[in-house]
Structures are given as C-alpha cells and as structure tokens.
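Q:
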Amino acid sequence: MMCSSAGVGGYHRRYDVFISFRGEDTRTNFISHLHSALINKKIRVYRDYDINRGDDVWPSLAKAISDSHISLVVFSQNYASSKWCLQELVKIMECRREHGQVVIPVFYQIDPSHVRKQTGSYEKAFAQHDQDRSNQLTGCCWRDALTQAASIAGWDSRTQKDDSEVIQNIVNDVLQKLYPQYTIELKGIVGIEETCKHLESLLKKVRVIGIWGIGGVGKTTIAKALFAKLFLQYDNACFLENVREESKRVGLKSLHDKLVSELLKGENPVSSVVGSTFLMSILSSKRVFIVLDDVDHFEQLEYLCGEHSGLGEGIRLIITTRDKHLLSGRVDKIYEIKEWKYKESLELLCLNAFKQGHPQMGYEGLSDRAVHYAGGIPLALKVLGLHLYSRSREFWECTLRKLEKHPNEDILNVLKVSYDGLDDLEKKIFLDISFFLNMRGKNEVIKILDASGFYAASGIQVLEDKALITVGLGNRILMHDLLQDMGLEIVRQECKENPERRSRLMGNEAYDVLKNKKGTAAVEGITLDWFPIDFQFRANTFNGMTKLRFLQLYTPSSERSHTVHHHTVLDAVSDELRYLEWIGFPFKSLPQTFCAKFLVEIYMPHSNVEELWHGVQDLVNLELIDLSECKQLMKLPDLSRASKLTTVYLSGCESLCVVHSSLLSLETLVHLRLNRCKKLKSLKVEKHLGILQDLYVNGCSSLTEFSVSSELMKWLDLSQTGIKILHSSIGRLSNLLSLNLEGLRLENLPNELSCLTSLKRLKISKNGLVINKEKLHVLCDGLVSLRRLQLKDCYALSELPDNIINLSLLRVLILDGSSIERLPSNIKHLLELRILSLENCRKLQFLPELPSSILQLHVNNCTSLAMVSNLRTFSTDKEDKQWSISFKNGTKLNEYSLICIMEDIHFTMAMAAFNNELQRRFGNNPEDYFYSSVDVCLPGSNVPRMFTYRSTESSLAIELPGYDKRSNLIGLFYSMVLSPSDNMVLQHGAKVQGQCYQANGTAVGYPVTWSLKAISKLNSDHVFVRYDPFQSNFIRDCSEQNLYFKFYVTTASGECDDLISVKECGLHLLCCSDSQFHSLLSELDTEQNQLGNRMNGRLLDALKL
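In this note's numbering, the protein residues as written are 7 to 1111.
#1: Given a threshold of 16 other Cβ atoms within 10 Å of its Cβ, counted over all protein chains shown, does Leu703 qualify as buried or as exposed?
#2: Starting from the C-beta of Tyr609, find all residues in its chain whose C-beta is less than 6 Å away, skip the five residues before and the five after it, and write them out in chain order.
#3: Bridge partners of Lys523, per DSSP?
#4: To which residues of the same chain is His733 closer than 7 Å at the C-beta, ignoring the five residues directly before and after it?
#5: How would you call Asn419, buried or exposed, if buried means at least 16 neighbouring beta carbons within 10 angstroms?
#6: Could you check the C-alpha separation between Asn5 and Glu901 for me, to the nearest Å?
#7: Buried or exposed, going by whether 16 or more other CB atoms sit within 10 Å of the CB of Ala457?
#8: Candidates Val223, Lys230, Gly221: which alpha carbon is nearest Glu206's?
#9: Should the region 505–518 be called in touch with the region 458–475, which here means at least 3 C-beta pairs below 8 Å?
#10: Using only the alpha-carbon positions, how far apart do Leu662 and Gly459 sit?
#11: Can you tell me the Cα-Cα spacing of Cys202 and Ile228, whole angstroms?
#12: Please check the pair Asp179 and Ile110, which I expect to be a contact at CB under 8 Å, by giving their CB distance rounded to whole angstroms.
#13: Check whether the Cβ atoms of Ala463 and Ile452 lie closer than 7 Å to each other.
#14: Which whole-angstrom value describes the C-beta separation of Asn1025 and Asn895, a residue pair presumed to lie in contact below a C-beta threshold of 8 Å?
#15: Taking C-alpha atoms, which residue in Ile98, Ala963, Asn46 lies nearest to Lys69?
#16: Starting from Gly29, trace the alpha helix (DSSP H) in both directions and tell me its first and last residue.
#17: Counting pairs of Cβ atoms below 8 Å between the region 322–334 and the region 356–366, do you hit three or more?
#18: In whole angstroms, what is the alpha-carbon distance linking Glu748 and Leu742?
#19: Counting only the same chain and skipping the five closest in sequence on each side, list residues whose C-beta sits under 6 Å from that of Glu191.
#20: Quick check for students: name the residue ranges of the beta strand (DSSP E) that lie wholly in the region 459–522, counting only runs of 3 or more.
#21: Looking only at DSSP bridge pairs, what is Ala1009 linked to?
#22: Please go through the same chain and pick out, in chain order, the residues whose beta-carbon is closer than 6 Å to the beta-carbon of Arg20, but skip the five residues on each side of it.
#23: Check whether the Cβ atoms of Gln1004 and Lys1052 sit closer than 7 Å, and answer yes or no.
#24: Tell me, which residues are paired with Leu559 by DSSP?
#25: Rounded to whole angstroms, what's the CA-CA distance from Glu345 to Asn481? Just pull it up for me.
#26: Between Gly477 and Lys434, how many whole angstroms is the CB-CB distance? I'm expecting something under 8 Å.
#27: Pull up the DSSP beta-bridge partners for Glu1070, would you.
#28: Below 8 Å on the Cβ atoms is my contact criterion, and I expect Val3 with Leu209 to pass it. Report the Cβ-Cβ distance as a whole number of Å.
#29: Would the region 949–965 count as touching the region 913–929 if we require 3 or more Cβ pairs under 8 Å?
#30: I'd like to check one pair, Gln699 with Ala718: are the Cβ atoms closer than 7 Å?
#31: What do you reckon, are the CB atoms on Val214 and Asp31 nearer than 7 Å?
#32: Please state whether DSSP places Phe401 in a helix, a strand or coil.
#33: Please classify Cys146: is it buried, with 16 or more other beta-carbons within 10 angstroms of its beta-carbon, or exposed?
#34: To which residues of the same chain is Val389 closer than 8 Å at the C-beta, ignoring the five residues directly before and after it?
#35: Measure how close the beta-carbons of Met512 and Leu484 come, nearest whole angstrom, since I'm counting them as under 8 Å.
#36: Among Ile810, Pro854, Val940, Leu816, which one has its Cα closest to the Cα of Ser831?
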C-alpha cells in the first residue's frame, strides 16, 4: 500500500523534519501554524519545545536531529541568544556535512546578512556570550555554523505577502525534498518523462484517465512517477497501490478506510462508515489527486470512488488496469501503454545488464537477442538485464537458449495474472490461439473456435480487453511472444513428465508422441512443422486421440517422395477435428472413413492429392478449402452439402480440368482462386451468383470459355488466359473495383466496360488494336472512379482523349510501350496523379506541364523525346514522399531542356530538404516520420554546375563548415556520371554505392546505393542525382572537418569496372541558417500549407542553389 503519507520512495529515518527555533520569538504564532501545516501533509515532525532544558535532554535531542531527513532552522531576532539553538545548529550542520542531511533556513522577520555576518541582534547576542569565558571555545563553532547555514538558499519572510504564504512555500519545499519528482528507482526508466508529460497535459483536460496495457509494460511505474511529480499541487492525494492483491488480502472495506483516512487526513472519527459517493462530495470543493493501481473488478471502482459523475471538478483520478472493459464508461480517456521500441528497449536492458546505456563490447549480438526475446516489455527487459548482469558471454548464450524452452519464472508470474482472471472457456481460447491460431484473421479464428462451442466472439473481446491479444492490420489476431511462451508453459505444466497427457502438443514432444503412438484422449491439438526423412506414418499413428480438434502438420517437399506412409493413416483421426492443416500431404486422397462433419477449414497446399475424397460428405461447418499448388489434383468432390463454404483456393492445380458444378452453385461462395490451372478450359455458370466477390483465373492459359457474374464482384483477374471474347454482361458488375485484362488477345473491348462506375483499377496490355483514342474516350466518360489505369503495349493508342480529365481521382497512369506522341495539355489538371510512366514510348516527342502532384515520372527509352516543359510543378510542398524521376536513354533531349529539368529538380530537392527539416524541428513524432527523398536519372556527361564540389574522378574531398555552423546543414545532394561499356550486361546484384569517409578511412554514415534496375541498360553516359534525408545527420555530427567521398561499382562477386564506370562525381551541401529558415517559414502559404510560386526565387537564394 502506498499513499501520499508514505511517499514514492521508502524512508528509514524516524522523522521527516526537525524544527529548530527560538520559542519566545515564534512558538505561539509562526511555528504553531507551520507545525500544523506540516502535520496536515502527513509529514513526521519533531519539535524541540515543551521540553525541560537540561544536560540530560541533549542526547535525545541530538538523536532526533540525526534521525531526521530535513532540518528546518527558523532564524529570528533572538535565535542567537539561545545556547540551545546554537548547539542544535552546530549538530545540524554536522549532520549535513557528514550524512547529507537537507537543511532549509527560514529567516523570520530578520535580514539574512545579519545571520550570516552576525550583525545587528546577533552581534549583541554574541557579545553576551563572549562575556562567559566557557563559551569562548564554542563561540567559533557557533559563528561558523551560522555563517554556513545562512549561506544556504532558504526563505525570507520579508519578501512574502504574509505568514501563510511563507508557510505554504516552506511546506512545498519540504515535500519536494522528501518526495523528489523522480526517485532513484524511477530515474532508471527510459523515456518515462515524455509519457508523464503527455499524461500531465491530459489531466488538464479530463478528470479521469485509465492507464491500460499488458502486464509488465510499466503501468504502475508510470502512475508512480506521475503521482510523485504532481501530488504536491493538490490539497489531498492518495496512491492506492496493488488494489487487486490488497483487496483480496485485507478486503475492500480496509482499502476504503485507508483511502478515507488519507484524503480526510485521519481527522474524521466516522471514516469507516463514509461511503465513496459521500467521500467524493466532501472533497468536491478541493483539489484531489487519486491513483487506484492495478484494479481488476468493477466492484473495486464502485466501492472506492463511486460513479464518474460524482467526481468534483477539482478531483483527478487515475486507474491502472490490465482490463480495458473496466474502464469503459468510467473514464474520460484510455491511455494505452504499448510495448517499447527497439532503441528504448536496448537502453533499458543495458542499464540493468551493463549499468550503461549501450551494450558492452562483444555483447552486441547477445543484447540484440535478449531485446527481441523481451519484445518491448519493460519488466522482462529489467528482469533479464539484472539476471545477466556481470555474466560471461557463455552464460548469456546458455540463458537465451534456455529461455526458448523455459520462460523466466518471474516474468511468467506477472503475465499469468491476466490469464488467471479468465473463465474456463476464455482460457481454452487463449491456449488455442497461443498454439494454433496466432496471426490468423479474427473472423476465421472465431469460426474455428465456435465450432468447438467456445463462444469465441465474446471470449476474444475479453482477451483483447485484458491485453492478452491485439487485433492488428488486416483484422489479424496477434499475441505477444512472451504471452505465447506463457501459453506453452501453462500447457507444459499440465503434465511435465508425460507430454501425451497434455491438451496441446508441438515440436519435439508432438513428434515423440506420434512416433511412439502414445496419443491419449487428453490431446486436443497437435502442431508440428517438420518430420525426419525416415519417419513413417502408420495406420495407428493417431490412435487414442479421440478429442483431437486441431491437426497442423508439414511435410517438406524434399521429404515427401522419400517418406513411407500407410494410406490408412488418417482412418483413426478423431471425428472431432475442427481444423486440418497438412502442408505437403503425401497421400492421393483422404480415406473413406474420414469424417469432415465438424471441420471448419481444410488447408492442404502443395500436397499429392489427386482427389480430396470419394463420395459426398456432410460439410455443415466447412468454410475454407485451400488446395493451392496441388499439381496432381484432377477433380473436386461434390460440395453441395457445404452450406457455409465461402472460400476455395485452387491456385496452381495444373492437372485440374474441370470445376465441379456444385462449387459454382453454392450461394455462400465469396472467394474463388483458380489462377494457373493450366488445363481448365471452361468456367461458366448460368445464373448470376449472389455474393461472389473475387475471382482469379489469371494464368489459365487453356481457358477460352468464361461466363461468371455476381452483383457483389469486386476483383476479377482474367489476365494471361485464352479468352478472346469478353461478354457484354461484364457491364453488370456494378461493384467491381479491379479488372485485369493483361495479355488477352481480345477481338473487341465491349463499350459496356464504361458502365463499371465503381472500378478503381483497370489493367490492359498487349491488346494491340483493342485500345485506341476513341475507345479510351468512351471509357473515360464512365470510369470516373479510376485510381489506376494501365495500358501497356497498346500499339493503337497514339493519343489520349481530352476527356482524360474526367478521371479526376486517377493516381497512377501507365502507358509503357504505347504509340503516344504527345500528352494533352490538360493533363496538368489531374491533380491526384502521383505516378506517370511512359517507358518505351518511342514516338513521344513532347512532355507538357504536368500536375503538381506527380511523385514518380518514368520516361525511359523515349528515343524521340526532344522537349520537356517546365517541371517546376514538382516544387509543390509534399511531406512523406519519395520522388523518382528518370529520363534514361532520352537521346534527343536538347541541352536547354536538360538544364531546365535539372534546375527544377534541384528546387524539388531543396523543397524536400526544407520540409524534412521542418518536421525534425517541429514535428510531433520526428522519429516515426517517413522523410522525403529524391532520385533522378538524366542523360548527360557532366555533374550539374550547381553542385559545389565536382570531380572528374570517382572520388572527391570536401571541407565542412566549422562546428559552430554545422547545424546550418539541412541536406546533402549526391551526383555521379555513369559511363557504360559497349554491350553492357550487368550481373545480378550489381549496384553503385557512394560512401563518405574520414581522413583515416573510417566510414561516416551508411553507403548510398543505386540498384541494378536503376543503372542497367544504359546506352550512353548518364547523370544520377540523389537526395537522401538522413546522410546530412551523420555529416553534421562528424567530428572531422575534412572528408572524402568515393563512388564505386560492385556486384555480388566483386568489382566490375570493366562493365560500367563512375566518370564524374559531385556533392552539394544545402545550408540554411536559423534566421533564413524562420524567414522562409514565415513565407509559407498558411491557407494551402505549401510554398507559393513567389517563394521559388526566395528559397533558391536562401539555400544558395
């Protein structure tokens, strides 16, 4: 239990404060009020009055001084006239000098200089003392003590409004020193300041905050730190620690009484009968701070603090819990404490393992493994770090290998608290997820578990509320590695010595049970992703496992043909099976006796099956069949009784000739994939299917007859099939989002395509005569939702229609290999266009002004291109963007166009660097920001003139500005000229790299790399330019002033200068002083949050381009 009276840290001394004062000056007024104020704050005070002065009293008085944390010395007019006061002061200063005792001087109605210099009344007092010869030796000690004490920063009552203000300041000062903002324990927590700062700002806006997260993630630690930082600002404060355990140990009534006692300062004689609502009403006019730590039941909240609506405006309440549901409707804001990122995790581990913020030399790899094991859980990082402190590398290695099999018990016990709070069905759901269903889709998991009668929807919600799982991208269920390890350990504890008596098996223990045929009715699930090459499945391999619900096996392709099996191996498999996953299933079919009544999913890709089973099965629960890449599969069974079947994957079933009619008759079918079924010739259905949403038949090269439609169809891929006639009924697919017609030799493109008003993606390629300007005009009138239009190798397309601007949402336009000669001038109005690709458009002659939204422009091998309009459209402000501009092999581009392009690109890079610097300085999360970059390729033989440093070799030296001006560096631009050899054919893995070095050869930063794709198939010299958003950070922090850069070509096997060489290289340092930066910032167009055209010259001048 921890409340404000106990503070944040533990104390071993008897008193908090010793007050030294002159009674006749201050006892009945100032000291009396000060004493009361300290007592009201639960501060343990020793006062040296009401004592009969005498020699026998001094030992107890001296001991009281020694046993106090703080000494308050109240200097008044007559303080120095008391020998007792001076003797106390000497002892106090001795304790300060020898034991670090805190001393706070208070100058009550006296000038501090009189005390320090012993003038005024103090001079008179010492004149009296000096008359007594027995005081001559001690007088020097008294004077020294006064001088030293008066030199300590304290409180001068003369500068305050009244005594009450002085007392309040003294009490706050004492509290600050007794309860420091961060105790030693809390100082060791990395990054806690930022979290506390955020929570503190929230408390200014809301009254009740719930801090929620997985066990061990630091909820209590953060709440303690926040309490320690803020409680002094409140009239009353209480931190009830570990409510979950304490309510079991002493009961809620005792906890409530403790809360009442702390908040009412123990002065209410009927506190034991004060209800929470009445208590809050009493405190409604005060500023109150309460923390209820580790709450796990609604009853605790109701008993301790009542309803949210009953809290006064000045009350602030923080609740920490592992159960999010407890907070619903009871707090104003839920603050989730998430797992730590790698950098902070490594620092915390190292602080505990090495007593420093980074790994000790030689322990880098081991530290990395330890951090990944802990998975961002601070408790695990701290426990593991302390366990590994001062240990050898061998000990670290052994420990980390051990943890793979046996979780750390201290960590496990903390995490298991949440599991222990689940009911029996919720525990089964947790264990099934930890063994079999982690990273699966939430809806899929619910269906599988519901087939076992687990009421999974509510159970999964409980697990999520208790932070035992999360639901991530794609609605997938994710379980933290440590929680998954906990699940495995819980099952291991069911029967340590006999795995066959456990409910779930995996790995070596699963293999041992299968090999020795030791299965029992206790086994509900098996997961095993390997088999030795000589393993033999026998008819009785699964005997005895009558309750088996999950079966997950994997036979690698290299072992399938070598493994000897009995075809009746699954005869004995439990009829209770809900989930069957056997990748590489080695048999031709499932046995006659196989029962699929309760099966929800059959997942058997890459198997040897020729037919799934013979006859008709009762498949009332079956929802998914995946037989992808089953090369020998020739036919499907009758699926007419699969009344819930939604998904069938048959990709790569190369022997499948026909699809059973029952499949396309199912009213429940949503997803059907038949891509690369090369022998499939026909796919037709007479009726309009109800809910089929996606159909993939791409790569079915023999498919010539196709007629399938559905009102809910969203994705249809007919690419690389033998279809020549596209039926006009395709226009009925009113909800279609994506249509792929690549590689079809269509005789005609029906005008009904323009009826697909929901279509977002359309791909057509190698349909030479099907797409022309007129046909595209028809499509542009109707396809108003298009985001991506791909028309590759459409030879009949020589011009885009003017109504292309109807596609106002278009983001990607790919016209590679078409006969386009010029783009319409109104293309600049496609303001959402991000990517424009015109590669191999060999008739393209002119490129007009492009929309300001363009990020990627690929104009490679446009051999007739002679002129490019102004590309200053790239200058529009963009954040989180990656520019890529390529005019590779544009041999007819005139010099003026090339110069203009390069000037515009330089402005684009300056803009990107400026925006990146803006984010670094003022962004909310600069570490998580995706910074902009620029990549450019142009024909040319020289590094552009605007580059400050240029060299006719593959390396160059630069001199950095002085360290005092280094902060002005906001960007670094690279340039190089690549010269290919004749008939250049680069090897796989070829790349060009640029690396910065110090004079001694030490690399600075990381290499800047141009990939094989970027540098391949050059027919002449080309200029490459790059802006990398991070390199300037390394250069700016470099201690050396003289650096050199080297550019070189490599392949996976080494140098290949004979194929391509770096002819020239260049570097430009982009600098901007603080005054220039803020001046440019003030020019920002606040309405559109972008730099206007009037800024172009200003930016270029300021950034010295």
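The C-beta atom is built at its ideal place from N, Cα and C for all residues, glycine as well. None of these values were measured; they are calculated from a predicted model.
A: Straight from the coordinates:
#1: Taking the first residue of the sequence shown as position 1, residue 703 is located at position 697. Leu is not the amino acid found at residue 703; the sequence shown has Val there. By the 10 Å Cβ count, Val703 comes out buried.
#2: For the purposes of this step, residue 609 is taken as residue 603 along the sequence shown, with counting starting at 1. The residues are Glu587, Asp632.
#3: As a first step, residue 523 is located in the sequence shown; it is residue number 517 there, counting from the start. For Lys523, DSSP assigns no beta-bridge partner whatsoever.
#4: Mapped onto the sequence shown, residue 733 falls at position 727. Answer for His733: Ser713, listed in chain order.
#5: Here residue 419 refers to the residue found at position 413 of the sequence shown. Exposed, because fewer than 16 other Cβ atoms sit within 10 Å of the Cβ of Asn419.
#6: Outside the displayed span of the chain (7 to 1111) sits residue 5, for which this structure offers no information.
#7: Residue 457 sits at position 451 when you count from the first residue of the sequence shown. Buried, since its Cβ has 16 or more Cβ neighbours within 10 Å.
#8: Translated into positions along the sequence shown, residue 206 becomes position 200. The candidate whose alpha carbon is nearest that of Glu206 is Lys230.
#9: no
#10: In the sequence shown, counting from the first residue as 1, residue 662 sits at position 656. In the sequence shown, counting from the first residue as 1, residue 459 sits at position 453. Roughly 36 Å between the two C-alpha positions.
#11: Locating residue 202 in the sequence shown gives position 196, where the first residue counts as 1. Locating residue 228 in the sequence shown gives position 222, where the first residue counts as 1. Cα to Cα, the separation comes out at about 7 Å.
#12: By 1-based counting over the sequence shown, the position of residue 179 is 173. By 1-based counting over the sequence shown, the position of residue 110 is 104. Rounded, the Cβ-Cβ distance is 6 Å, consistent with contact.
#13: Working through the sequence shown from its first residue, we reach residue 463 at position 457. Working through the sequence shown from its first residue, we reach residue 452 at position 446. In contact: Ala463 and Ile452 (Cβ atoms closer than 7 Å).
#14: Residue 1025 sits at position 1019 when you count from the first residue of the sequence shown. Residue 895 sits at position 889 when you count from the first residue of the sequence shown. 5 Å between Cβ atoms; contact.
#15: Indexing the sequence shown from 1 puts residue 69 at position 63. Checking every option, the nearest Cα to that of Lys69 belongs to Ile98.
#16: Start at 1 with the first residue of the sequence shown, and residue 29 comes out as number 23. Here the alpha helix (DSSP H) through Gly29 covers 29–32.
#17: no
#18: For the purposes of this step, residue 748 is identified with residue 742 of the sequence shown, where counting begins at 1. For the purposes of this step, residue 742 is identified with residue 736 of the sequence shown, where counting begins at 1. Linking Glu748 to Leu742 through their CA atoms gives a straight-line distance of about 17 Å.
#19: Sequence index remark: in the sequence shown, residue 191 carries index 185 (1-based). With a pLDDT of only 46 at Glu191, under the threshold of 50, the placement of this residue in the model should not be trusted; the figure read from the coordinates follows. Contacts found: none.
#20: The qualifying runs are 510–512.
#21: Looking up residue 1009 in the sequence shown gives position 1003. By DSSP's assignment, Ala1009 forms a beta bridge with Tyr1003.
#22: Translated into the one-based positions of the sequence shown, residue 20 becomes position 14. The answer, listed in chain order, is Asp73.
#23: Position 998 of the sequence shown, counted from the first residue, corresponds to residue 1004. Position 1046 of the sequence shown, counted from the first residue, corresponds to residue 1052. Not closer than 7 Å, so no.
#24: Counted from its first residue, the sequence shown places residue 559 at position 553. Answer is Leu534, Trp588.
#25: As a working mapping, residue 345 is identified with position 339 in the sequence shown. As a working mapping, residue 481 is identified with position 475 in the sequence shown. Cα-Cα distance, rounded: 19 Å.
#26: Along the sequence shown, read from residue 1 onward, the residue named residue 477 stands at position 471. Along the sequence shown, read from residue 1 onward, the residue named residue 434 stands at position 428. Before going further, note that residue 477 is Val rather than Gly in the sequence given. Wrong, their Cβ atoms sit about 19 Å apart, outside the cutoff.
#27: Translated into the one-based positions of the sequence shown, residue 1070 becomes position 1064. Among the bridge pairs identified by DSSP, Glu1070 is matched with Val983.
#28: Residue 3 lies beyond the stretch modelled for the chain, which goes from 7 to 1111, so this question has no answer here.
#29: no
#30: Counted from its first residue, the sequence shown places residue 718 at position 712. Counted from its first residue, the sequence shown places residue 699 at position 693. The amino acid occupying residue 718 in the given sequence is Leu; Ala does not appear at that position. Cβ distance < 7 Å, so Leu718 and Gln699 count as in contact.
#31: Here residue 214 is taken as the residue at index 208 of the sequence shown, counted from 1. Here residue 31 is taken as the residue at index 25 of the sequence shown, counted from 1. It is not a contact, given that the beta carbons lie outside the stated cut-off.
#32: Here residue 401 refers to the residue found at position 395 when the sequence shown is read from its first residue. In the structure shown, Phe401 sits in a helix (DSSP, three-state: H, G or I).
#33: Position 140 of the sequence shown holds residue 146. Exposed, since its Cβ has fewer than 16 Cβ neighbours within 10 Å.
#34: Here residue 389 refers to the residue found at position 383 when the sequence shown is read from its first residue. Within the same chain, Val389 has close Cβ partners Asn414, Asp416, Ile417.
#35: The count along the sequence shown starts at 1 and reaches residue 512 at position 506. The count along the sequence shown starts at 1 and reaches residue 484 at position 478. Going by Cβ atoms, the distance from Met512 to Leu484 rounds to 19 Å, so no, they are not a contact pair.
#36: By 1-based counting over the sequence shown, the position of residue 831 is 825. Of the listed residues, the one whose Cα sits closest to Ser831 is Pro854.
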